[in-house]
Amino acid sequence: MADILMYGLLLLALAIGFALGRWHPRRKSAHYPKDYALNYYKGLSYLFNEQPDSAIDAFIGSLAVNSDTLETHLALGNMLRRRGEVTKAIKIHQNLLARPGLNVRQQHESQIELARDYIKAGLLDRAEALLLELVKLSSMYKLQALEHLIEIYQDENEWDDAIAMASQLERRAKQHDQGQGLEQMQAHFACEQALQDLEARHITKARVHLQEALRFDPSSARASILFARLEFSQGRYREALKHIHRIPAQDPEYLIEVLDTLIESYERLGESRALDDYLQKLLKEHPSNTLIIKIADRLRWSQDDYVAADFIAEQLKLNPSIRTLNRLVELHLPHSEGKAKENLELLKQLVDQVIAEKPSYCCNKCGFTGNSLHWLCPGCKSWGSIRPIRGVAGE
Ligand SMILES: [Zn+2]
């Protein structure tokens, strides 16, 4: 179907080109009509013989580049890129840029399309050079060029450059009352810088970048999570807790990511009572299955399996959940025997299977699902759109 469409468009383009060529006799050289008609018919014959490569060469050779035909060239180039025929798209857009007859806006339009071809072809250095030039020239394609540059720097893990481009984009977008989400994106870039710092064991630099992330976006739960883990790893438990305590107001759904750090920090400070109080507060305000299981585990160790099982059974009445049901079965298993034990084991096997098949995280923009938390969605490349799944099979 796509092939038929492309051939249809090519045919149309050639027909338009032929007509335009006839309407612009001033462009003709002494040999123009002959060459032109020859290329045109060649193009048609290639199409009918299903040789699109040759048809494109004939197209480039036959359709003069001018203000009237530019859109046809661009449309064909863009369609080829969308179809994944990047080499051909590059050929068409390079051909446009090489022509002296275009005005500045048309040159810039051809330039951004060529940069898009290069991105698709993975030739990021070439795309970067074209886009930086468009930004510098402050052309009407500056916003789009900045967006593409951010994509490139993201892919290359060049976070300093990504932040610089996002800042420019933010300034420009604010003039047009746009730019929502840019602060959040910059916060993620700063978090990525912090991760690079941590990998290189530059703790102080990592702290600076995390503070920067919180300045970009004070509700960045990711920055608080990273900060808490960093301080915990340095034995600064009070500091770790300070960052965790900020998360409920930032984005409570991500609390489950730091429950272990939270519990361990309180424990190491010898503040079990304060921990239990805080867990109960969270249970009331931001209940989740992971939290219920953590509280049940604490009840198990401080009291016994039965108290933990009763707690889970109560919670199951409020929020039916496969994961907490599984923990309830686990708690009953050691205390059962004979047929009851056999049935419980069978039940556990089934529940384990259901849990294994269910993803834990889902992107609220594209529906990508997985079992680990990605801050940049691999499906749609959105920042912070992947969240823990809630409901019977999730949190
Ligand atoms: Zn997504």
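First residue of the sequence shown? That's 0 in numbering that gives the first Met the number 0, and the numbers climb one at a time after it.
From the three backbone atoms N, C-alpha and C, an ideal C-beta is built for every residue, glycine too.
Keep in mind that this is a model prediction, so the values were computed, not measured.
Buried versus exposed call for Arg426 [16 or more other C-beta atoms within 10 Å across all chains shown]: There is no way to answer for residue 426, as the model of the chain reaches only from 0 to 394.
Gly366 CB to nearest heavy atom of ligand 2 below 8 Å: In the structure shown, ligand 2 is absent; the only ligands present are ligand 1.
Continuous beta strand (DSSP E) assignments of at least 3 residues falling wholly in the segment 84-157: none
Under 9 Å between C-beta atoms of Ala97 and Ala114: Indexing the sequence shown from 1 puts residue 97 at position 98. Indexing the sequence shown from 1 puts residue 114 at position 115. Taking 9 Å as the Cβ cut-off, Ala97 and Ala114 do not qualify as a contacting pair.
Local Cβ density within 10 Å of Asp196, reported as buried at 16 or more and exposed below that: The residue you call residue 196 lines up with position 197 of the sequence shown. Its Cβ being crowded by 16 or more others within 10 Å, Asp196 is buried.
Sufficient close CB pairs (3 or more, under 8 Å) joining the segment 330-346 to the segment 358-365: no
Contact test: Gly383 Cβ vs ligand 1 heavy atom, cutoff 8 Å: As a working note, residue 383 is residue 384 in the sequence shown. No; taking the cut-off as 8 Å, the Cβ of Gly383 has no heavy atom of ligand 1 nearer than that.
Beta-carbon separation (whole angstroms), Leu136 vs Leu148, contact threshold 8 Å: In the sequence shown, residue 136 corresponds to position 137, counting from 1. In the sequence shown, residue 148 corresponds to position 149, counting from 1. In fact, because the Cβ distance is near 14 Å, the residues do not count as touching under 8 Å.
Heavy atom of ligand 1 within 8 Å of Gly378 beta-carbon: Residue mapping note: residue 378 aligns to position 379 of the sequence shown, counting from 1. Yes - ligand 1 has a heavy atom lying nearer than 8 Å to the Cβ of Gly378.
Short Cβ contact (9 Å threshold) for Ala165 with Gln143: Residue numbering aside, residue 165 sits at position 166 when the sequence shown is read from its first letter. Residue numbering aside, residue 143 sits at position 144 when the sequence shown is read from its first letter. No. Outside cutoff.
Ligand 1 heavy atom lying under 8 Å from the CB of Cys190: Within the sequence shown, the letter at position 191 stands for residue 190. Cys190: no, Cβ never under 8 Å from ligand 1.
CA-to-CA distance, Glu112 to Glu169, given in whole angstroms: Translated into positions along the sequence shown, residue 169 becomes position 170. Translated into positions along the sequence shown, residue 112 becomes position 113. So the two alpha carbons sit approximately 23 Å from each other.
Residue from Asp309, Leu254, Glu132 and Ser138 with nearest C-alpha to His331: By 1-based counting over the sequence shown, the position of residue 331 is 332. Minimum Cα distance to His331 is reached at Asp309.
Residues sharing a beta bridge with Pro387, DSSP: Position 388 of the sequence shown holds residue 387. Beta-bridge pairing links Pro387 to Tyr360.
Three-way DSSP call (helix, strand, coil) for Thr289 in this model: By 1-based counting over the sequence shown, the position of residue 289 is 290. Note: Thr289 maps to helix in three-state DSSP.
Close beta carbons around Ser335, own chain, < 7 Å, minus the five adjacent residues each side: For the purposes of this step, residue 335 is identified with residue 336 of the sequence shown, where counting begins at 1. So the list reads Leu343, once near-sequence residues are dropped.
Cα-Cα separation between Ile118 and Ile292, rounded to whole angstroms: Locating residue 118 in the sequence shown gives position 119, where the first residue counts as 1. Locating residue 292 in the sequence shown gives position 293, where the first residue counts as 1. Between Ile118 and Ile292, the C-alpha separation is close to 46 Å.
Supposed close pair Ala88, Gly76 - CB separation, criterion 8 Å: Position 89 of the sequence shown holds residue 88. Position 77 of the sequence shown holds residue 76. The pair is a contact, with the Cβ atoms about 5 Å apart (cut-off 8 Å).
Residues sharing a beta bridge with Thr368, DSSP: Indexing the sequence shown from 1 puts residue 368 at position 369. Per DSSP, Cys361.
Distance between Val328 and Ala392 (C-alpha atoms, nearest Å): For the purposes of this step, residue 392 is taken as the residue at position 393 of the sequence shown. For the purposes of this step, residue 328 is taken as the residue at position 329 of the sequence shown. If you take the alpha carbons of Ala392 and Val328, they lie about 16 Å apart.
Alpha-carbon to alpha-carbon, Tyr265 and Lys380: Your numbering for residue 380 matches position 381 in the sequence shown. Your numbering for residue 265 matches position 266 in the sequence shown. Taking the straight line joining both Cα atoms gives about 36 Å.
Residue closest to Val207, alpha-carbon to alpha-carbon, out of Thr323, Thr68, Ala193 and Gly234: Taking the sequence shown and counting its residues from 1, one reaches residue 207 at position 208. Proximity to Val207 across Thr323, Thr68, Ala193 and Gly234 peaks at Ala193, based on C-alpha coordinates.
Close beta carbons around Asp56, own chain, < 7 Å, minus the five adjacent residues each side: Translated into the one-based positions of the sequence shown, residue 56 becomes position 57. There are no such residues.
Residue burial classification, Val85 (beta-carbon count within 10 angstroms, cutoff 16): The residue given as residue 85 occupies position 86 in the sequence shown. So Val85 ends up on the buried side.
Same chain, Cβ closer than 7 Å to Cys365, neighbours up to 5 away in sequence not counted: Locating residue 365 in the sequence shown gives position 366, counting from the first residue. Closer than 7 Å at the Cβ level, and outside the excluded window around Cys365, lie Cys376, Gly378 and Cys379.
Alpha helix (DSSP H) segment containing Asp196, residue limits: Residue mapping note: residue 196 aligns to position 197 of the sequence shown, counting from 1. In the DSSP assignment, Asp196 falls within the unbroken alpha helix (DSSP H) covering Leu181 to Glu198.
Alpha-carbon to alpha-carbon, Glu191 and Gly20: Taking the first residue of the sequence shown as position 1, residue 20 is located at position 21. Taking the first residue of the sequence shown as position 1, residue 191 is located at position 192. Low per-residue confidence applies at Gly20: pLDDT is 45, beneath 50, and the placement is therefore not dependable, though the value from the model is reported in the following sentence. Distance between the alpha carbons of Gly20 and Glu191 is about 54 Å.
Identified DSSP bridge partners for Trp382: On the sequence shown, position 383 is the one that residue 382 refers to. Leu375.
Neighbourhood of Gln153 by C-beta, 6 Å cutoff - its chain only, sequence neighbours within 5 removed: Here residue 153 refers to the residue found at position 154 when the sequence shown is read from its first residue. Cβ neighbours of Gln153 beyond the five flanking positions: Ala161.
Coarse secondary structure for Gly20, derived from DSSP in three states: What you label residue 20 is simply residue 21 of the sequence shown in a count that begins at 1. Since pLDDT at Gly20 reaches only 45, below the 50 mark, its modelled position is unreliable, and the value read off the structure follows with that caveat. Correct three-state label for Gly20: helix.
Expected contact under 8 Å - CB spacing of His242 and Glu230 to nearest Å: Translated into positions along the sequence shown, residue 242 becomes position 243. Translated into positions along the sequence shown, residue 230 becomes position 231. That belief holds up - the Cβ atoms of His242 and Glu230 are roughly 7 Å apart, short of 8 Å.
Exposure of Thr260, with buried meaning 16 or more beta-carbon neighbours within 10 Å: Taking the first residue of the sequence shown as position 1, residue 260 is located at position 261. Buried, because 16 or more other Cβ atoms sit within 10 Å of the Cβ of Thr260.
Reduced DSSP secondary structure (H/G/I, E/B, other) of Gly396: Because the chain here runs from 0 to 394, residue 396 falls outside it and cannot be looked at.
Limits of the unbroken alpha helix (DSSP H) element including Pro64: Residue numbering aside, residue 64 sits at position 65 when the sequence shown is read from its first letter. Note that residue 64 is Val in the sequence shown, not Pro. Taken as a continuous stretch (DSSP letters only), Val64 belongs to no alpha helix (DSSP H), as it is neither H nor E.
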